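Asker: So for the sequence shown, the numbering used here puts the first residue at 4; every next one is plus one.
Beta carbons: idealized from backbone N, C-alpha and C, even for Gly.
Note that the coordinates shown come from a computational prediction; the quantities given were computed from them, not determined experimentally.
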Amino acid sequence: MNLTKQEKDMLNGGEGKGVQKAMEILVALGEIYNAEKMAGISSSQVSGVSYKNLGDAGIEFLNDWADNGARIKVKTTLNPCGMDLKNWKKLGIPEKFAENQLRIINAFKKMGIEPTCTCTPYFIGNKPKFHEHISWSESSAVSYANSVLGARTNRESGISALASAICGRTPVYGYHLDNNRKAGLIVNVECELKEISDFGALGCIVGKKAGNSVPFFIFKKGTNTNSDKLKSLGAAMAASGAVSLYHIEGITPEARGKDIILHYDSERIIIENLDEAYKALNSGAKKIDLVAIGCPHASLDELIEISKLLKGRKVNSTLWVATARKIREIAEGRGIIKEIEKSGAFVISDTCMIVAPIEDLGFKTMATNAAKAAFYAPFYCGVDVRFGSLEKCIDAAISGRWNNGT
Ligand code: F3S
4 MNLTKQEKDM LNGGEGKGVQ KAMEILVALG EIYNAEKMAG ISSSQVSGVS
54 YKNLGDAGIE FLNDWADNGA RIKVKTTLNP CGMDLKNWKK LGIPEKFAEN
104 QLRIINAFKK MGIEPTCTCT PYFIGNKPKF HEHISWSESS AVSYANSVLG
154 ARTNRESGIS ALASAICGRT PVYGYHLDNN RKAGLIVNVE CELKEISDFG
204 ALGCIVGKKA GNSVPFFIFK KGTNTNSDKL KSLGAAMAAS GAVSLYHIEG
254 ITPEARGKDI ILHYDSERII IENLDEAYKA LNSGAKKIDL VAIGCPHASL
304 DELIEISKLL KGRKVNSTLW VATARKIREI AEGRGIIKEI EKSGAFVISD
354 TCMIVAPIED LGFKTMATNA AKAAFYAPFY CGVDVRFGSL EKCIDAAISG
404 RWNNGT
């Protein structure tokens, strides 16, 4: 790999042990993937923050790195951790878990990282520009940054994204290069897509078929999209497959003009309906213990919609709505949180239904409108899942039961 003078200096320990370790990780990665050089990055998103995933070894590793002088050089945001940092007691998080989680957060703080703890950093000011090189982990955020914003990142691990944040560099390979951003799978969607859950269901089907190739969607005329639907689509494809970049004809930035973004031998598939995904993501659970909305973290628009659906109603199941703390604060100022919590629901921040230890909180069944959460929850949280539209999920929270249909 061709390294600049400054990069060589970092590698040789000129900026201290912490930076040296970070550069060693990046050089090793670059060599594995035949990168010719590094690029400067404008931001990083670091995943692997929950004590549930990191365990004790992770705490030691991060604290060691921080004590060796690792400090970030670029804007860096953190993924959700295992608990709401302010209201963890209210959610029933065990004391020991909280103690360990805080040791992880403190290690990141020592490195200069603000504990933003959200998977939607693009809603709270970490919004990279078109063609900017970034180094992000968290598969749904990677997909959003690549596809919806047109920035350039590989699907980094928490460690490689952190190493990039510390060096301000990333090895140039994969989705940093034009040729790898071309689509290899054309997807004609012939069915209607209305709800956020429909976009997630579509993502679930296409993610499985695409593997790690780049899909190019052609939607039925009149299909309405918005950032919440697209974040759900990308999150589901990254969960059921390894899709980190997609294009939508006329909508995403690299598919708006006449540029050829297709490989000459692209395959084509047709999606006629979403039944396969709705069936695969639904267990037979009737009684619903937990309804979890906000995967990826809910936007302000979603919070407003939820507050309208809950107006004048009381929940019978536990209802969690996960959102970034900054979005929560904005919503609080507008009276939206009060409106939602009047129903008995909790608006949670810094965490989510997958990375929080919900298996220790007594929940056996969960309903969600997020395909990614529905995909992971049985395995990560040991719950039976129901998956359907937001309205249906809110109805389940009110009645405590799931009625048939999506
Ligand atoms: Fe975010 Fe948790 Fe879903 S990190 S994308 S809310 S699984």
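According to DSSP, which residues form a beta bridge with His179?
Answerer: DSSP, once it has assigned bridges, lists no residue as partnering His179.
Asker: Any contact between the region 76 to 89 and the region 105 to 121? By contact I mean 3 or more CB pairs, one from each, below 8 Å.
Answerer: Yes, the region 76 to 89 touches the region 105 to 121.
Asker: Given 6 Å as the limit, tell me if Cys298 has its C-beta closer than that to any heavy atom belonging to the ligand F3S.
Answerer: Yes, since a heavy atom of the ligand F3S falls inside the 6 Å radius drawn around the Cβ of Cys298.
Asker: Below 7 Å between beta carbons: does that hold for Ile264 and Lys185?
Answerer: yes
Asker: Going by other Cβ atoms of all chains shown within 10 Å of its Cβ, with 16 needed for buried, is His136 buried or exposed?
Answerer: buried
Asker: Please state whether the Cβ-Cβ distance between Ser392 and Ser200 is less than 7 Å.
Answerer: yes
Asker: Quick check on Glu98: buried or exposed, where buried means 16 or more other Cβ atoms within 10 Å of its Cβ?
Answerer: exposed
Asker: If you draw a straight line from the alpha carbon of Ile62 to that of Asp278, how long is it in whole angstroms?
Answerer: 43 Å
Asker: Using only the alpha-carbon positions, how far apart do Asn182 and His266 sit?
Answerer: 9 Å
Asker: Does the distance between the C-beta of Cys396 and the nearest non-hydrogen atom of the ligand F3S fall short of 6 Å?
Answerer: no
Asker: Consider the C-beta atom of Ser143 and the heavy atoms of the ligand F3S; say whether any pair is separated by less than 6 Å.
Answerer: For Ser143, the distance from the CB to the nearest heavy atom of the ligand F3S is below 6 Å.
Asker: In its own chain, which residues sit with a C-beta less than 7 Å from the C-beta of Arg259, not counting the 5 before and 5 after it?
Answerer: In chain order, Gly253 place their CB closer than 7 Å to the CB of Arg259, counting only its own chain and leaving out the 5 sequence neighbours on each side.
Asker: Since Ser235 and Gly210 should fall inside the 8 Å C-beta cutoff, what is the C-beta to C-beta distance between them, to a whole number of angstroms?
Answerer: Going by Cβ atoms, the distance from Ser235 to Gly210 rounds to 12 Å, so no, they are not a contact pair.
Asker: Please determine whether the Cβ atom of Ile361 lies at a distance below 6 Å from any heavy atom of the ligand F3S.
Answerer: Shortest gap from the CB of Ile361 to any heavy atom of the ligand F3S: 6 Å or more.
Asker: The ligand F3S and Cys355: does any heavy atom of the ligand fall closer than 6 Å to the residue's C-beta?
Answerer: yes
Asker: Go ahead and label Asp70 buried or exposed: buried means 16 or more other beta carbons lie within 10 angstroms of its beta carbon, across all protein chains shown.
Answerer: exposed
Asker: What separation, rounded to the nearest whole angstrom, lies between the Cα atoms of Arg389 and Ala42?
Answerer: 43 Å
Asker: Going by C-alpha distance, which of Thr7, Phe111, Glu39 is nearest Ser53?
Answerer: The candidate whose alpha carbon is nearest that of Ser53 is Phe111.
Asker: Any heavy atom of the ligand F3S inside 6 Å of the beta-carbon of Lys375?
Answerer: yes
Asker: Considering Pro381, what are the terminal residues of the alpha helix (DSSP H) in which it resides?
Answerer: 374 to 384
Asker: Residue range of the beta strand (DSSP E) that Glu270 falls in?
Answerer: It spans 265 to 274 - the beta strand (DSSP E) in which Glu270 sits, taken as one unbroken run.
Asker: Check this for me: beta carbons of Asp292 and Thr368, under 7 Å apart or not?
Answerer: Yes, Cβ-Cβ distance for Asp292 and Thr368 is below 7 Å.
Asker: Which class does Met413 belong to by DSSP, given the choice of helix, strand or coil?
Answerer: Absent from the structure is residue 413, since the part of the chain shown begins at 4 and ends at 409.
Asker: Can you say whether His134 is buried or exposed, counting buried as having 16 or more other CB atoms within 10 angstroms of its CB?
Answerer: exposed
Asker: When you compare each of Tyr383, Ala374, Ile162, Ser230 to Val151 by their alpha carbons, which one comes out closest?
Answerer: Considering only alpha carbons, the answer is Ser230.
Asker: Report back the beta-carbon spacing between Ala144 and Ser47 to the nearest angstrom; my notes put them in contact at under 8 Å.
Answerer: The C-beta separation of Ala144 from Ser47 comes to about 11 Å, leaving the pair out of contact by the 8 Å criterion.
Asker: Check whether the Cβ of Ala204 lies closer than 6 Å to any heavy atom of the ligand F3S, and answer yes or no.
Answerer: no
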